[in-house]
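Sequences listed follow chains A and B, in order.
145 is the number of the first residue of the first sequence in this note's numbering; add one for each residue after it.
145 is the number of the first residue of the second sequence in this note's numbering; add one for each residue after it.
Only one structure is covered here, and it is reproduced in the block below.
2 protein chains.
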Amino acid sequence: MATEIPDIVIGRLPIYLRELRRLQAEHDKLTTSSHELGERLGISSAQIRKDLSHFGEFGKQGTGYHIGYLVDQLCQILHLDQVWPVVLVGAGSLGTALAYYDGFRPRGFEIRWIFDTDPSKIGHEINGMCIQAISELEETIARHKIAVAIIATPASAAQEVTDFLIESGIKAILSYAPLHLSAPAGVHISYSDPVTELQRMTYYLG
Amino acid sequence: MATEIPDIVIGRLPIYLRELRRLQAEHDKLTTSSHELGERLGISSAQIRKDLSHFGEFGKQGTGYHIGYLVDQLCQILHLDQVWPVVLVGAGSLGTALAYYDGFRPRGFEIRWIFDTDPSKIGHEINGMCIQAISELEETIARHKIAVAIIATPASAAQEVTDFLIESGIKAILSYAPLHLSAPAGVHISYSDPVTELQRMTYYLG
DNA sequence: TTAAAATTGTGAAAAGTTACACATACTCGA
DNA sequence: TCGAGTATGTGTAACTTTTCACAATTTTAA
Numbered sequence: 145m146a147t148e149i150p151d152i153v154i155g156r157l158p159i160y161l162r163e164l165r166r167l168q169a170e171h172d173k174l175t176t177s178s179h180e181l182g183e184r185l186g187i188s189s190a191q192i193r194k195d196l197s198h199f200g201e202f203g204k205q206g207t208g209y210h211i212g213y214l215v216d217q218l219c220q221i222l223h224l225d226q227v228w229p230v231v232l233v234g235a236g237s238l239g240t241a242l243a244y245y246d247g248f249r250p251r252g253f254e255i256r257w258i259f260d261t262d263p264s265k266i267g268h269e270i271n272g273m274c275i276q277a278i279s280e281l282e283e284t285i286a287r288h289k290i291a292v293a294i295i296a297t298p299a300s301a302a303q304e305v306t307d308f309l310i311e312s313g314i315k316a317i318l319s320y321a322p323l324h325l326s327a328p329a330g331v332h333i334s335y336s337d338p339v340t341e342l343q344r345m346t347y348y349l350g
Numbered sequence: 145m146a147t148e149i150p151d152i153v154i155g156r157l158p159i160y161l162r163e164l165r166r167l168q169a170e171h172d173k174l175t176t177s178s179h180e181l182g183e184r185l186g187i188s189s190a191q192i193r194k195d196l197s198h199f200g201e202f203g204k205q206g207t208g209y210h211i212g213y214l215v216d217q218l219c220q221i222l223h224l225d226q227v228w229p230v231v232l233v234g235a236g237s238l239g240t241a242l243a244y245y246d247g248f249r250p251r252g253f254e255i256r257w258i259f260d261t262d263p264s265k266i267g268h269e270i271n272g273m274c275i276q277a278i279s280e281l282e283e284t285i286a287r288h289k290i291a292v293a294i295i296a297t298p299a300s301a302a303q304e305v306t307d308f309l310i311e312s313g314i315k316a317i318l319s320y321a322p323l324h325l326s327a328p329a330g331v332h333i334s335y336s337d338p339v340t341e342l343q344r345m346t347y348y349l350g
């Protein structure tokens, strides 16, 4: 039961969690079933049960899952029983949008520092945070023991920023720069490139 | 050779294309190998060769792949031998950032219309485009035969917007709203939710 | 000219993932 | 209390994806 759990399973847990929170917010039901959840997510109920069974027995035959309990369990598994402080690198229009996004906090993350290389931006405030020079990055990460970063720089700066973040102690990076980043084992990187996503879909359009 | 090609293979083609363009831009080499490409992307060379072999024989033993030729072939396969016009729904800070992003055009897409429900935004300009009311969406999509849309609205509006886009003829949607969207078969949806990505990574952080 | 090195495309094996189907257990109403 | 209905957790089978390994071909350099 506590063997190596596949990445692909881990990747679905946040989706389950997100939908469970929606269920909590929308209805005042206390329980749901793998069937209902699967229906809402376009995932088979068997898959949901199998995924959850990697971590324990959270459901009850005949009844299903207690939503609040399952939310708590998923939060524990995903280490979301805390708010992760996040550094953002890149204060362009995307970085600015991320800095203002209020969807991080209620789901376990908070952008607390913004860095940029452009001297003309340094000192300016975004959503109450002062844009700082990259030279201050290392000390900030060390002092606050930050593990999570978001990169919203141009592609040309992203690998250098990545190297620096990792050297400073960052363990998880979400990158919006449109390129593959090299990182040593033990550092987790996730990518978001709108163009590759669109290109994947146009394959299917005549 | 021309049987059903796995989605997962299609999903990697834009990554290959992106890296090939980088190779073109950075060096003045004319050829590359599956090994070099794999090295740069953290993908095995065998996988790259197998993926490409679904579509034809693009390489040459002993030499590798001619970069320009392979780029052309991938563009054809992904239907990127044209610029796809895109409608953007949602003119908040994320929508605005997307509207200003200059990385779409050189890779086959162009945001040309922006819609929002907020009456106070309608009429304002973003990057030369006038924010329009949702009521004009259907006619715009029909007149210009648009197939691709980006949703950058709050979650609460996203399903309604999706239904409307699909009814109007949209076939591919990139959604930044943090929820699963229902759509009929034949409509392609791709998601980008920074929080689920971060949550996936925190699992691995003690 | 020849041998060594580089590289592809691919059949087959291995590994990973999903779906099936059912024993088991709980709920609800009569 | 009982029987019908609901729903879980899981062993196994089916399917999908990746890796291996090698014949075939081209390049390079002696």
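Positions of the beta carbon are idealized from the N, C-alpha and C atoms, including for glycine.
A quick note: this is a predicted structure, and the numbers were derived from the prediction, not measured.
Residue closest to residue i, alpha-carbon to alpha-carbon, out of the options
i, options, result
"Thr346(A)", "Gln276(B), Val227(B), Met273(B)", "Val227(B)"
"Ile285(B)", "Ile295(B), Glu311(B), Lys265(B), Gly267(B)", "Glu311(B)"
"Arg375(B)", "Met273(A), Gln303(A), Ala241(A)", "Because chain B in this structure spans residues 145 to 350, residue 375(B) falls outside the shown range and cannot be described."
"Ala329(B)", "Ile192(B), Ile317(B), Asp216(B), Val153(B)", "Ile317(B)"
"Pro263(B)", "Gly234(B), Tyr245(B), Phe248(B), Lys289(B)", "Gly234(B)"
"Glu355(B)", "Glu201(A), Ile159(A), Glu148(A), Ile149(A)", "The structure shown does not extend to residue 355(B), since chain B spans only 145 to 350, so no value can be given for it."
"Gln191(A)", "Lys204(A), Lys173(A), Ile154(A)", "Ile154(A)"
"Ala261(B)", "Asn271(B), Gly239(B), Leu222(B)", "Note that residue 261(B) is Thr in the sequence shown, not Ala. Out of Asn271(B), Gly239(B), Leu222(B), Gly239(B) has the C-alpha closest to the C-alpha of Thr261(B)."
"Asp246(B)", "Lys265(B), His223(B), Asp225(B), Asn271(B)", "Asn271(B)"
"Leu157(A)", "Arg344(A), Phe253(A), Gly267(A), Gln220(A)", "Gln220(A)"
"Pro229(B)", "Glu148(B), Glu282(B), Ala321(B), Lys289(B)", "Lys289(B)"
"His324(A)", "Ser300(A), Gly313(A), Phe308(A)", "Ser300(A)"
"Gln168(A)", "Met273(A), Tyr213(A), Ala321(A), Glu269(A)", "Tyr213(A)"
"Gln205(A)", "Ile295(A), Arg193(A), Glu269(A)", "Arg193(A)"
"Pro322(A)", "Phe248(B), Ile152(B), Ser237(B)", "Phe248(B)"
"Gln343(A)", "Glu254(B), Ser188(B), His171(B)", "Glu254(B)"
"Gly313(A)", "Tyr335(A), Asp337(A), Arg287(A), Ile187(A)", "Arg287(A)"
"Ile152(A)", "Lys173(A), Asp172(A), Leu196(A), Glu170(A)", "Leu196(A)"
"Val331(A)", "Met273(A), Ala293(A), Ala241(A)", "Ala293(A)"
"Val337(B)", "Glu201(A), Asp216(A), Leu242(A)", "In the sequence under discussion, the amino acid at residue 337(B) is Asp, which differs from the Val named in the question. Nearest option by C-alpha distance: Leu242(A)."
"Pro298(B)", "Ile266(B), Gly236(B), Gly267(B)", "Gly236(B)"
"Glu283(A)", "Lys173(A), Gly267(A), Leu309(A)", "Leu309(A)"
"Gly186(B)", "Ser334(A), Ile333(A), Ser326(A)", "Ser326(A)"
Distance between beta carbons of residue j and residue i, contact taken as under 8 Å
i, j, result
"Arg256(B)", "Val339(A)", "Contact flag wrong, Cβ pair sits at about 16 Å."
"Leu232(B)", "Ile258(B)", "5 Å"
"Lys315(A)", "Leu181(B)", "Between Leu181(B) and Lys315(A) the Cβ distance is about 28 Å, and since that is not below 8 Å, they are no contact."
"Ile149(A)", "His198(A)", "5 Å"
"Ala296(B)", "Tyr320(B)", "5 Å"
Interface residues of chain A facing residue i [CB-CB closer than 8 Å]
i, result
"Ala131(B)", "Because chain B is modelled from 145 through 350, residue 131(B) falls outside the range shown and cannot be assessed."
"Ile159(B)", "His324, Thr340"
"Thr240(B)", "Ser237, Ala241"
"Glu376(B)", "Since the first residue shown for chain B is 145 and the last is 350, residue 376(B) is missing from the structure and cannot be characterised."
"Tyr244(B)", "Ser237"
"Ser336(B)", "Ser336, Pro338, Glu341"
"Arg184(B)", "His324"
Partner residues on chain B for residue i, Cβ-Cβ distance less than 7 Å
i, result
"His171(A)", "Simply none; closest approach about 15 Å."
"Leu222(A)", "Gln343, Thr346, Tyr347"
"His106(A)", "Given a span of 145 to 350 for chain A in the structure shown, any question on residue 106(A) remains unanswerable."
"Tyr213(A)", "By Cβ distance, chain B contributes nothing, its closest Cβ being about 18 Å from Tyr213(A), past 7 Å."
"Phe248(A)", "Val339"
"Arg166(A)", "Leu323"
Neighbouring residues, chain A, relative to residue i (Cβ below 7 Å)
i, result
"Ile154(B)", "Arg344, Tyr347"
"Val227(B)", "Simply none; closest approach about 11 Å."
Residues that residue i contacts on chain B, provided the C-beta gap is smaller than 9 Å
i, result
"Arg251(A)", "Pro322, Val339, Thr340, Leu342, Gln343"
"Gly234(A)", "Simply none; closest approach about 11 Å."
"Val292(A)", "Leu342, Met345, Thr346, Leu349"
Let me know the beta strand (DSSP E) ranges lying completely inside the stretch 157-242 of chain B, each 3 residues or longer, listed in chain order.
Counting only runs of 3 or more, we get 208-210, 228-233.
With contact counted as at least three CB pairs below 8 Å, one residue from each stretch, are the stretch 270-280 of chain B and the stretch 156-166 of chain B in contact?
The stretch 270-280 of chain B, when compared against the stretch 156-166 of chain B, does not touch it at the 8 Å Cβ threshold.
Complete runs of the alpha helix (DSSP H) confined to the stretch 270-308 of chain A [at least 4 residues]
List check, alpha helix (DSSP H) in window: 281-288.
Mind the definition here: the stretch 190-209 of chain B touches the stretch 164-178 of chain B only if three or more C-beta pairs lie below 8 Å; say whether that holds.
Note that the stretch 190-209 of chain B touches the stretch 164-178 of chain B; at least 3 beta-carbon pairs, one per stretch, sit closer than 8 Å.
Considering only residues of the stretch 321-350 of chain A, which uninterrupted alpha helix (DSSP H) runs meet the minimum length of 4 residues and lie entirely inside it, listed in chain order?
Unbroken alpha helix (DSSP H) runs of no fewer than 4 residues, entirely contained in the stretch 321-350 of chain A, are found at 338-346, following chain order.
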